[in-house]
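Quick note: the UniProt record's numbering has the sequence shown finishing at residue 205, numbered continuously throughout.
Glycine included, each C-beta is placed from N, C-alpha and C at the ideal position.
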Amino acid sequence: MARNPWDVCVSLYRVMSDLSVHQFQSGTFEEFFEPFAEDDLGFGDYFEHVMSGYALRDEPNVFFLTYEELKQDTRRTVLRLAHFLGEEYGLALEEDGQMLANVLEWSKPENMKKVIVLDLKEGDASEWKGLFTRKKMTSKHGYEGDKTKFSVVKEARVGSWKKYFTPELLTRFEAKIQAKGEKAFFMELWADIHDEAIAISRMPA
1 MARNPWDVCV SLYRVMSDLS VHQFQSGTFE EFFEPFAEDD LGFGDYFEHV MSGYALRDEP
61 NVFFLTYEEL KQDTRRTVLR LAHFLGEEYG LALEEDGQML ANVLEWSKPE NMKKVIVLDL
121 KEGDASEWKG LFTRKKMTSK HGYEGDKTKF SVVKEARVGS WKKYFTPELL TRFEAKIQAK
181 GEKAFFMELW ADIHDEAIAI SRMPA
């Protein structure tokens, strides 16, 4: 799954400014934007990462989609994924309306917020437990008042970037996209969002 880079930047900022292990809980979005735009966060280059997956989109064992596509038509995406995993799964969902309704209900952000919650005291996965306990990790916002818990799912919406990016930051990020050249060819996936970002970047301060 690929997501537009503006929302990815905001999403990653919200995680890294929430969890104490990143030592960035008082950091601003402007401060975060710098290393994100310069590929200096330790997670690699966003454009190279997406490009590598997009290049495989037509392979028979690859199911490629965008976050925006999932949000726009969740039902259609769920059925596509079911058929990809096996025709029997797709047919089962098409023939059982209640089963499909249940999957769609459980997939709603408001339900996933309650399910995908990390216990920072113990660590829900063994590979994370040492990090959680060693660093005594906490969440700035917590979950239901408990700062030792972290809900992975936040707003789960498209367009949150508009609340964070200033025209100046959008201009700088557009320069980054242009500098990537052919490595950013997949940006056609978000042509509408890209056009909107450019339009906002040209607004007077």
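query	result
Give the straight-line distance between the Cα atoms of A156 and L56, rounded to the nearest whole angstrom.	26 Å
Look at the Cβ atom of R76, then the Cβ atom of L104, and state whether they are nearer than 8 Å.	no
According to the neighbour-count rule (16 or more other Cβ atoms, all chains shown, within 10 Å of its Cβ), is M203 buried or exposed?	exposed
Say whether the region 12 to 29 touches the region 137 to 144, bearing in mind that this needs 3 or more beta-carbon pairs closer than 8 Å, one atom from each stretch.	yes
Please report the distance separating the alpha-carbon of P60 from that of F84.	9 Å
What did DSSP end up calling D119 once you bin it into helix, strand or coil?	strand
Leaving out the 5 sequence neighbours to the left and right, which residues in its chain are closer than 6 Å to L169 when beta-carbon positions are compared?	F33
Any contact of the region 149 to 164 with the region 107 to 124, i.e. 3+ C-beta pairs under 8 Å?	yes
Give me the Cα-Cα distance between R172 and D58, rounded to the nearest whole angstrom.	32 Å
Would you mind reading off the limits of the beta strand (DSSP E) that contains F150?	149 to 151
Which term fits F63, buried or exposed, when burial requires 16 or more other beta carbons within 10 angstroms of its beta carbon?	exposed
So which of E31, V115, L79, K113 has the shortest CA-CA distance to M99?	L79
Cα-Cα, which of A197, K183, L189 is closest to Y46?	K183
Who are the near neighbours of Y164 in its chain, counting only those whose CB is closer than 6 Å to its CB and skipping five residues on each side?	V10, F29
Report the three-state DSSP secondary structure of L91 (helix, strand or coil).	helix
Taking S52 as the reference, which of F185, L41, A179, A199 has the closest Cα?	F185
In this structure, how does DSSP classify Y143 when only helix, strand and coil are distinguished?	strand
Just the C-alpha distance for G97 and E88, rounded to the nearest angstrom, thanks.	15 Å
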